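As structure tokens, the structure follows; a few thoughts come after it.
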Amino acid sequence: MKYVLAVLIPLIFLLSFLFACFRKVRVYDSFTEGVKGAIPLILSIFPYVTAVMMLCKLLEVSGLEERLTTWITPLFSFTGIPEDISSLVLMKPLSGSGSIAVLTQILDKCGIDSYAGRCACVAYGTADTIFYIGAVYFAGLKRKRLTSALVIALVSYLSAVVFACFLCRIM
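Below you can see the structure in the form of structure tokens.
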């Protein structure tokens, strides 16, 4: 299986290139046209991504993240989320790399096969960084109705975490 995957991606690339040549597509020119279109997109996304990164760091450095975790842990416990993973539940919508660090701390503290460890792993996989993806997505839109989209994304994320913890409990 390992060798199949090692060959599969180059094979897909080679077949795409051969198909483009067969259709008489100027591959290099098409590639450079695509790159030209990417530069304005990157420039329009950059301020939003920078704002999300700065807010994540400010939350961590100011101590507000720790206070929020302490405050919201009883609510999470009521919904079935173990209190050991409450910091992960708060960090995941904000930062992917920060949530990996929190996940590692939880696994070191509680163990891989513990209930909290299983919940943390499944909760980590339930969603992506909501604010980062929202920043990237809404950067390209002219009409920005960000609030309702973020509320829906956060509610669905929390519902997924509660359901994931429920499944970890019964399995």
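Numbering (this note's numbering), first residue to last: 29 to 199. We treat Cβ as the ideally placed atom computed from N, Cα and C, and that holds for glycine. Remember, it's a predicted structure, so these values are computed and weren't measured experimentally.
Helix, strand or coil: which one does DSSP assign to residue i?
i      : result
PRO68  : helix
ALA155 : coil
PRO110 : coil
ILE100 : helix
GLY91  : coil
LEU116 : helix
ILE140 : coil
VAL53  : coil
LEU122 : coil
MET82  : helix
GLY168 : coil
ARG146 : helix
ARG197 : helix
Check whether the Cβ atoms of residue i and residue j sit closer than 9 angstroms, and answer yes or no.
i      : j      : result
VAL63  : VAL164 : no
LEU195 : VAL150 : yes
MET82  : SER123 : no
ALA144 : ILE134 : yes
PRO121 : ILE158 : yes
CYS193 : THR107 : yes
GLY162 : LEU69  : no
ALA177 : PHE166 : yes
PHE152 : LEU131 : The sequence as given places Tyr at residue 152; Phe does not occur at that position. Yes, these two residues count as a Cβ contact at 9 angstroms.
SER58  : ALA66  : no
By a C-beta neighbour count over all protein chains shown, 10 Å radius and 16 as the cutoff for buried, is residue i buried or exposed?
i      : result
ASP112 : buried
ARG146 : buried
MET199 : exposed
GLY126 : buried
THR101 : buried
ALA148 : buried
GLU93  : buried
Round the Cβ separation of residue i and residue j to the nearest angstrom and send it over; I've been treating them as touching at under 8 angstroms.
i      : j      : result
THR97  : LEU118 : 6 angstroms
PHE104 : SER114 : 5 angstroms
ILE109 : VAL179 : That pair is no contact at about 19 angstroms.
VAL55  : PHE41  : With a Cβ gap of about 11 angstroms, VAL55 and PHE41 do not count as contacting.
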